[in-house]
Amino acid sequence: MKHTAGLTAAELGIIWNLYIANTMGVCLYRHFLKHAEDPDVHACLRDALKLSTDNVKQVTELYHREQLAPPLGFGDEDVRLDAPRLFSDAYCLQQLDMMLKLGSIYYTISLPGTSRLDVRELVTGMIFSTIQLSNRVIEVLLEKGMYVRPPYIPMPQGVEFVQKQSFFNGFFGDKRPLLGIEVGQIFSNVYFNVTKSVMLMGFSQVAEDRKLREYFLRGKEINKKQITVMNSFLVKEDLPPIVPQDYVVTQSTTPPYSDRLMLFLVTNLSSAKIRNFGDSIAVSPRHDLGACYGRLIVETGNFAEDGGNMLIERGWMERPPHTPDRNRLSKEGTP
Numbered sequence: 001m002k003h004t005a006g007l008t009a010a011e012l013g014i015i016w017n018l019y020i021a022n023t024m025g026v027c028l029y030r031h032f033l034k035h036a037e038d039p040d041v042h043a044c045l046r047d048a049l050k051l052s053t054d055n056v057k058q059v060t061e062l063y064h065r066e067q068l069a070p071p072l073g074f075g076d077e078d079v080r081l082d083a084p085r086l087f088s089d090a091y092c093l094q095q096l097d098m099m100l101k102l103g104s105i106y107y108t109i110s111l112p113g114t115s116r117l118d119v120r121e122l123v124t125g126m127i128f129s130t131i132q133l134s135n136r137v138i139e140v141l142l143e144k145g146m147y148v149r150p151p152y153i154p155m156p157q158g159v160e161f162v163q164k165q166s167f168f169n170g171f172f173g174d175k176r177p178l179l180g181i182e183v184g185q186i187f188s189n190v191y192f193n194v195t196k197s198v199m200l201m202g203f204s205q206v207a208e209d210r211k212l213r214e215y216f217l218r219g220k221e222i223n224k225k226q227i228t229v230m231n232s233f234l235v236k237e238d239l240p241p242i243v244p245q246d247y248v249v250t251q252s253t254t255p256p257y258s259d260r261l262m263l264f265l266v267t268n269l270s271s272a273k274i275r276n277f278g279d280s281i282a283v284s285p286r287h288d289l290g291a292c293y294g295r296l297i298v299e300t301g302n303f304a305e306d307g308g309n310m311l312i313e314r315g316w317m318e319r320p321p322h323t324p325d326r327n328r329l330s331k332e333g334t335p
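Residue numbering for the sequence shown follows the UniProt record's numbering, starting at 1 and increasing by one per position.
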């Protein structure tokens, strides 16, 4: 008889996150799609909705095979299709691009934590389908002249070795010019902040809870400050700063999503930003860059924690799979 291993702690955590994220994606793209006017944007959003829907179905089937109840996630009560559009087609496509990039990163780093073949096949399929759609979205952005590329630097003329330990300098002494990968990381982080800032501005208009509106506005100001800080590294190198696109946020004050979904999405994106900053530290040898990213991690972490506390206070945070509280069990079992 063939032995089927149970799901490991890592696999339980991974499929839980997959379910939550993709049910949220279904809600997000349903409203985007309802109001999309550009046929190319409409096609991309339609494919994104299908991708998230298929992912939810596959994860749900896995839960059922294991005789486990899936988490609540997000559903019809979290999206209001009759609400007016909040964002322009251009922004919806840009946010889709950001979400697909985040998804492909999460799926890829999740795969090494899986061991059961069915779970590995599930995650592998999500990686391929997400990257395929991401390529299509970038193609549309390029065709429409909406894709912002990182700055260009001169091509290397040959092999060159580092001669001095000042290669790592950032605070004192001579600073070397930025590496290409450091420029790329700055660009990616600024662009992420730009995209998130527009979303925060829109959500601050429509949230029903006044404290959430204030929280979203605070997040927008944090993002704007971080954009200025990171762009300053490019300006000092005589490289062009990343200029935010002129995305349109309508004057609607009718919420297209529940406060719970909007707060969860903002908090989740803050967590993703912390991971992005951590990745940037790992590939940025200059000390001043590492210190800057460290400060931004602390600032973003505090903002994310405040969002998490607001979710808990309102009874909106589902508890992920967790280990037993042995101390509590021991006390309860004491005669």
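Don't be surprised by glycine CBs; every beta carbon is placed ideally from N, CA and C.
Cβ-Cβ distances below 8 Å link Ile127 to Ser104, Tyr107, Thr108 and Leu111 in the same chain, with the five nearest sequence neighbours on each side left out; the list follows chain order. Contact check for Gly113 against Ala10 passes: the beta carbons are separated by less than 9 Å. Comparing alpha-carbon positions, the option among Asp40, Ile14, Arg80 and Gln58 lying closest to Ser258 turns out to be Arg80. Between Tyr247 and Tyr147 a beta carbon distance of about 14 Å is seen, past the 8 Å cut, so the two are scored as non-contacting. Under the 8 Å Cβ criterion, the stretch 204 to 211 does not count as touching the stretch 290 to 309, having fewer than three qualifying pairs.
Rounded to the nearest whole angstrom, the C-alpha separation of Val283 and Tyr152 is 19 Å. In this structure, DSSP gives Phe87 an extended state, which the three-state scheme calls strand.
Taking all protein chains shown into account, Phe161 has fewer than 16 neighbouring C-beta atoms within 10 Å of its C-beta and is therefore exposed.
For the options Asn223, Lys175, Asp174 and Val183, the alpha carbon positioned closest to that of Phe192 is the one of Asn223.
In this structure, the alpha-carbon of Gly308 lies about 28 Å from that of Thr250.
Rounded to the nearest whole angstrom, the C-alpha separation of Arg218 and Met262 is 15 Å. The stretch 43 to 50 and the stretch 15 to 34 touch, with three or more beta-carbon pairs separated by less than 8 Å. For Thr8, no alpha helix (DSSP H) segment is defined, and its DSSP state is neither H nor E. The Cβ atoms of Thr195 and Gln94 sit closer than 9 Å to each other. By the criterion of at least three beta-carbon pairs nearer than 8 Å, the stretch 182 to 189 is in contact with the stretch 228 to 245. Rounded to whole angstroms, Gln163 and Pro285 show a C-alpha spacing of 15 Å. In the three-state DSSP reduction, Val243 falls in the coil class, being neither helix nor strand. Distance from the CA of Lys220 to the CA of Met201, rounded to the nearest whole angstrom, comes to 7 Å.
Burial is judged here by how many other beta carbons sit within 10 angstroms of a residue's own beta carbon; Val243 has fewer than 16 and is exposed.
The DSSP-derived three-state label of Val159 is coil. Exclusion of the five residues before and after Trp316 leaves Arg260 as the residues of its chain whose Cβ lies within less than 6 Å of its Cβ. Spatial neighbours of Ser280 in its own chain (CB-CB distance under 7 Å, excluding positions within 5 residues in sequence) are listed in chain order as Gln185, Asn189 and Tyr293. For Arg149, no alpha helix (DSSP H) segment is defined, and its DSSP state is neither H nor E. Apart from sequence neighbours up to five positions away, the residues of its chain that approach Leu311 with a beta-carbon distance below 8 Å are Arg260, Leu263, Phe264, Thr267 and Met317, ordered along the chain.
DSSP places Val79 within a strand segment (E or B) once states are collapsed to three.
Our two residues, Lys331 and Met98, have alpha carbons roughly 47 Å apart in a direct line. The beta carbon of Phe303 lies closer than 8 Å to those of Arg218, Gly219, Ile222 and Ser270 in the same chain, with the five residues before and after it left out. Per DSSP, Val137 is one residue of the alpha helix (DSSP H) stretching across Leu117 to Glu143. Residue environment analysis places Val159 among the exposed positions, since fewer than 16 neighbouring C-beta atoms fall within 10 angstroms of its C-beta. Going by beta carbons, Leu62 and Asp118 fall inside the 9 Å limit. In this structure, the beta-carbon distance from Val137 to Asp89 does not fall below 9 Å. As DSSP reads the structure, Val249 sits in a beta bridge with Phe87. Cβ neighbours of Ile14 within its own chain (closer than 8 Å, five residues either side excluded): Ser110, Gly113, Thr114, Val119 and Val123. Our two residues, Leu100 and Cys27, have alpha carbons roughly 15 Å apart in a direct line.
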